[in-house]
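The sequence shown runs contiguously to residue 682 in numbering that gives the first Met the number 0.
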Amino acid sequence: MTESKQGIFKDAFKQSFYKLSPRLQVKNPVMFVVYLGALVTSGLYVLAFFGIQDSSPAFTLSIAVILWLTLLFGNFAEAMAEGRGRAQAESLKSARQEVIAKKMTDITNKAQLVDISSALLKRGDMVYVVAGEQIPMDGDVIEGAASVDESAITGESAPVIRESGGDRSAVTGGTTVVSDYLVIRVTAEEGESFLDKMIAMVEGSARKKTPNEISLQILLVTLTLIFLVVCASLLPFTQFATVASGKGDALSLTVIVALLVCLAPTTIGALLSSIGIAGMSRLNQANVMAMSGRAIEAAGDVDILMLDKTGTITLGNRQASEFLPVPGVTEEELADAAQLSSLADETPEGRSIVVLAKERFAIRGRDLSDNQAVFIDFSAKTRMSGIDYQGDEIRKGAADTVKQFVSAAGYDYPVACETIVNQIANLGGTPLVVVKNKRVLGVVYLKDIVKKGVKERFNDMRTMGIKTIMITGDNPMTAAAIAAEAGVDDFLAEATPEAKLELIREYQQKGHLVAMTGDGTNDAPALAQADVAVAMNTGTQAAKEAGNMIDLDSSPTKLIEIVRIGKQLLMTRGALTTFSIANDVAKYFAIIPVLFYSIYPQLNALNIMHLSSPTSAILAAIIYNALIIIALIPLSLKGVKYKELPASMLLQHNLFVYGLGGLITPFIAIKVIDLIITACGWA
Numbered sequence: 000m001t002e003s004k005q006g007i008f009k010d011a012f013k014q015s016f017y018k019l020s021p022r023l024q025v026k027n028p029v030m031f032v033v034y035l036g037a038l039v040t041s042g043l044y045v046l047a048f049f050g051i052q053d054s055s056p057a058f059t060l061s062i063a064v065i066l067w068l069t070l071l072f073g074n075f076a077e078a079m080a081e082g083r084g085r086a087q088a089e090s091l092k093s094a095r096q097e098v099i100a101k102k103m104t105d106i107t108n109k110a111q112l113v114d115i116s117s118a119l120l121k122r123g124d125m126v127y128v129v130a131g132e133q134i135p136m137d138g139d140v141i142e143g144a145a146s147v148d149e150s151a152i153t154g155e156s157a158p159v160i161r162e163s164g165g166d167r168s169a170v171t172g173g174t175t176v177v178s179d180y181l182v183i184r185v186t187a188e189e190g191e192s193f194l195d196k197m198i199a200m201v202e203g204s205a206r207k208k209t210p211n212e213i214s215l216q217i218l219l220v221t222l223t224l225i226f227l228v229v230c231a232s233l234l235p236f237t238q239f240a241t242v243a244s245g246k247g248d249a250l251s252l253t254v255i256v257a258l259l260v261c262l263a264p265t266t267i268g269a270l271l272s273s274i275g276i277a278g279m280s281r282l283n284q285a286n287v288m289a290m291s292g293r294a295i296e297a298a299g300d301v302d303i304l305m306l307d308k309t310g311t312i313t314l315g316n317r318q319a320s321e322f323l324p325v326p327g328v329t330e331e332e333l334a335d336a337a338q339l340s341s342l343a344d345e346t347p348e349g350r351s352i353v354v355l356a357k358e359r360f361a362i363r364g365r366d367l368s369d370n371q372a373v374f375i376d377f378s379a380k381t382r383m384s385g386i387d388y389q390g391d392e393i394r395k396g397a398a399d400t401v402k403q404f405v406s407a408a409g410y411d412y413p414v415a416c417e418t419i420v421n422q423i424a425n426l427g428g429t430p431l432v433v434v435k436n437k438r439v440l441g442v443v444y445l446k447d448i449v450k451k452g453v454k455e456r457f458n459d460m461r462t463m464g465i466k467t468i469m470i471t472g473d474n475p476m477t478a479a480a481i482a483a484e485a486g487v488d489d490f491l492a493e494a495t496p497e498a499k500l501e502l503i504r505e506y507q508q509k510g511h512l513v514a515m516t517g518d519g520t521n522d523a524p525a526l527a528q529a530d531v532a533v534a535m536n537t538g539t540q541a542a543k544e545a546g547n548m549i550d551l552d553s554s555p556t557k558l559i560e561i562v563r564i565g566k567q568l569l570m571t572r573g574a575l576t577t578f579s580i581a582n583d584v585a586k587y588f589a590i591i592p593v594l595f596y597s598i599y600p601q602l603n604a605l606n607i608m609h610l611s612s613p614t615s616a617i618l619a620a621i622i623y624n625a626l627i628i629i630a631l632i633p634l635s636l637k638g639v640k641y642k643e644l645p646a647s648m649l650l651q652h653n654l655f656v657y658g659l660g661g662l663i664t665p666f667i668a669i670k671v672i673d674l675i676i677t678a679c680g681w682a
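See below:
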């Protein structure tokens with residue numbers, strides 16, 4: 000066990016006792032019944048010293064101890080789930096420091112700065128931050144561009160670029176400027192920053208019960224009340240029955256309390272909170288901050304995924320896919336010139352040209368050190384790059400720029416080249432024209448490359464009943480081609496903010512739950528409308544405020560992982576609820592016959608496990624009831640194994656595995672414990 004895990008374990012052990020406070024126990028009605036039972040049996044044991052005996056003192060003490068252990072085990076499960084969040088919160092708190100900010104009184108004059116504590120900053124204030132300084136509060140960059148170290152929040156060591164304008168203008172208090180400077184408009188006040196909200200969420204202090212949790216708790220409370228009424232009636236009933244039949248012994252109050260705890264849904268009651276907290280923790284570990292537990296549950300129920308094309312479905316960087324020569328030029332000749340022009344091009348597009356030439360024609364990088372090669376870097380002015388090599392002048396660039404370059408030198412620009420360029424443009428690709436000594440050789444076709452494995456993932460989503468929709472600004476023809484290659488179910492081409500919003504509303508009106516990602520201000524309306532709205536941490540403040548989740552890694556593909564975590568949370572809760580209720584049914588048939596056969600001997604025929612005595616039976620059941628909670632803690636924290644299956648098949652699987660397991664396990668375990676108790680002479 001690592002040191003961090005040992006720390007969480009020790010802290011959870013301490014918290015288990017702290018949570019025995021009535022103020023905390025009353026929040027969980029099912030376990031509060033166990034709490035009252037522990038108090039009652041403890042009181043009965045104390046009364047035994049004064050000659051008031053309900054059962055044998057040893058038996059009463061055993062039941063009391065086991066009930067207290069049951070509570071501690073339930074508390075331990077919740078504390079272990081919370082411990083992960085507390086560990087993360089401590090590291091976040093270390094990043095949240097009060098610093099001296101340079102407040103600007105005149106934005107046009109950076110010399111007029113006033114030192115002020117970050118705690119005193121108000122929304123709308125302007126601050127000036129230079130390299131090496133910590134950003135004092137959340138805000139938007141209104142001037143400048145700089146590298147920012149966000150490792151304190153995201154865990155990613157590589158700095159990111161933040162600049163004014165566009166969708167990368169939001170900055171977070173507690174991060175550090177690595178280079179240059181930023182002028183920031185503060186968008187949050189003390190105690191309301193993103194870091195404050197994140198700490199509150201991971202600590203659990205801001206976590207509220209979700210509608211599903213509330214509904215399930217109402218069911219559990221109802222079942223507990225039913226068993227409470229039944230068990231309460233058993234005390235006078237057995238007293239009457241023993242008098243009427245003239246044989247047997249009435250059940251004691253200690254046995255009634257133990258029976259109530261055994262039959263009540265204490266297993267899921269003890270683990271319910273930890274399941275929800277662990278689900279939130281798994282999301283935090285994926286570097287996603289959910290604004291509420293409800294958002295995670297909604298992620299598990301979504302059946303429509305709206306995904307941006309760039310960065311999610313495609314790699315985002317266009318890559319070379321074909322060499323298309325003009326008549327009179329071979330493809331290998333074009334590939335050789337294109338590779339030479341790209342040897343010093345460190346962009347993903349340039350690297351892809353070098354790789355494609357190597358794969359197609361085995362043209363490998365050559366030693367240029369002795370050939371006095373002169374590399375021509377790309378510039379915004381020329382819009383071309385290339386190389387002067389062994390007397391040859393090779394260039395590649397945008398079609399219109401190369402056409403102007405060739406024509407100005409008195410050379411022809413082939414019609415065939417224009418045709419190829421237009422064909423590529425119509426397909427949504429990027430054409431790069433290659434020339435050698437002012438002679439056009441052909442075109443390199445750069446296209447969006449669909450990520451490996453994406454099609455298979457979308458097939459899995461389809462199997463689960465989730466429809467995938469690609470959102471892109473491309474024209475319909477390009478969008479259709481990429482959608483077909485990626486295997487999405489539908490697409491929205493030439494997407495505008497209004498079109499996204501209308502599409503979400505359309506699906507919601509049909510009863511669907513929609514999830515989407517976004518990072519820009521123009522995404523905010525659609526994010527606010529979506530059921531699960533994942534805003535990128537690099538995005539604008541408007542996008543982050545509109546979403547109900549924030550992806551700290553700003554990875555568009557994270558939405559698929561979020562859906563998986565949401566579904567796993569629902570599967571875990573459903574599986575353990577099924578197991579718990581099946582457990583109660585099994586315990587009922589296991590121990591009820593042996594408790595009453597002294598009054599009604601005919602019931603002995605139902606004692607199929609041949610439990611030794613009523614005392615050993617109730618002890619075995621109450622011990623099993625406590626041990627099963629501690630045994631299921633790892634499953635509640637880790638979650639059941641995620642399976643990409645339709646909901647109906649998942650239900651059948653859970654009913655078979657956890658329902659049948661919940662019926663069989665108590666019979667076996669109670670019998671084994673009964674044999675141990677009898678062999679040890681404890682009953």
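Every residue, glycine too, gets a C-beta built ideally from N, C-alpha and C.
Pair within 8 Å by beta-carbon distance, residue i and residue j
| i | j | result |
| --- | --- | --- |
| Ser273 | Ser54 | no |
| Thr537 | Asp447 | no |
| Gly268 | Met30 | yes |
| Pro28 | Thr265 | no |
| Met279 | Ile295 | yes |
| Lys670 | Leu262 | no |
| Ala625 | Leu68 | yes |
| Leu568 | Ala297 | no |
| Gly131 | Thr209 | no |
| Leu60 | Leu19 | no |
| Ile99 | Val140 | no |
| Leu234 | Val32 | no |
| Asn286 | Asp550 | yes |
| Ala498 | Phe490 | no |
| Gly441 | Val328 | yes |
| Ile564 | Arg281 | yes |
Same chain, Cβ closer than 7 Å to residue i, neighbours up to 5 away in sequence not counted
| i | result |
| --- | --- |
| Thr556 | Thr311 |
| Met136 | Ser117, Leu120, Gly172, Val185, Ala187, Ser192 |
| Tyr623 | Pro665, Ala668, Ile669, Ile672 |
| Gly73 | Met30, Ala269, Ile628 |
| Asp124 | Lys102, Val185 |
Identified DSSP bridge partners for residue i
| i | result |
| --- | --- |
| Asp489 | Ile468 |
| Ser384 | Lys395 |
| Val287 | Asp550 |
| Phe322 | Val443 |
| Gln133 | Thr175 |
| Thr313 | Thr309, Val449 |
| Met125 | Arg184 |
| Gly138 | Val170, Val185 |
| Lys357 | Answer is none; Lys357 lacks a bridge partner. |
| Asp673 | BP columns for Asp673 are empty, so no partner. |
Cut-off 6 Å between Cβ atoms - residues of its own chain near residue i, not counting five sequence neighbours on either side
| i | result |
| --- | --- |
| Val39 | Val256 |
| Gly247 | Thr241, Ser597, Ile598 |
| Met0 | With a pLDDT of 47 at Met0, under the threshold of 50, the modelled position of that residue is not reliable, and no figure is offered here. |
| Gly661 | Phe578, Ala581, Asn582 |
| Ile375 | Ser384, Gly385 |
| Thr664 | none |
| Ile134 | Val128, Val170, Gly172, Thr174 |
| Thr571 | Ile274, Gly638, Val639 |
| Lys566 | Gly299 |
Rounded distance between the beta-carbons of residue j and residue i, thought under 8 Å
| i | j | result |
| --- | --- | --- |
| Arg394 | Ser351 | Not a contact, Cβ separation roughly 18 Å. |
| Ala356 | Ala337 | 6 Å |
| Leu526 | Met515 | 7 Å |
| Leu270 | Ala76 | 5 Å |
| Arg456 | Asp488 | No, Arg456 and Asp488 are not in contact; Cβ-Cβ is about 13 Å, not under 8 Å. |
Beta-carbon contacts of residue i that lie in its chain and below 8 Å, excluding the five residues immediately before and after
| i | result |
| --- | --- |
| Ile465 | Val301, Asp302, Ile303, Leu304, Val562 |
| Ser406 | Tyr412 |
| Ala494 | Ile470, Thr471, Gly472 |
Residue-level contact to chain C via CB, residue i, 8 Å cutoff
| i | result |
| --- | --- |
| Gln540 | Given the protein chain composition of this structure (a single chain), no chain C is represented. |
- Curious, which full-length beta strand (DSSP E) runs of at least 3 residues does the segment 502–564 contain? 513–517, 531–535, 548–550
- Message: Quick check on the DSSP output: what are the complete alpha helix (DSSP H) runs of length 4 or more inside the segment 2–77, in order along the chain?
- Response: 2–17, 21–24, 28–47
- Query: What are the uninterrupted segments assigned as beta strand (DSSP E) that are 3 or more residues long and contained completely in the segment 217–254, given in chain order?
  - Reply: none
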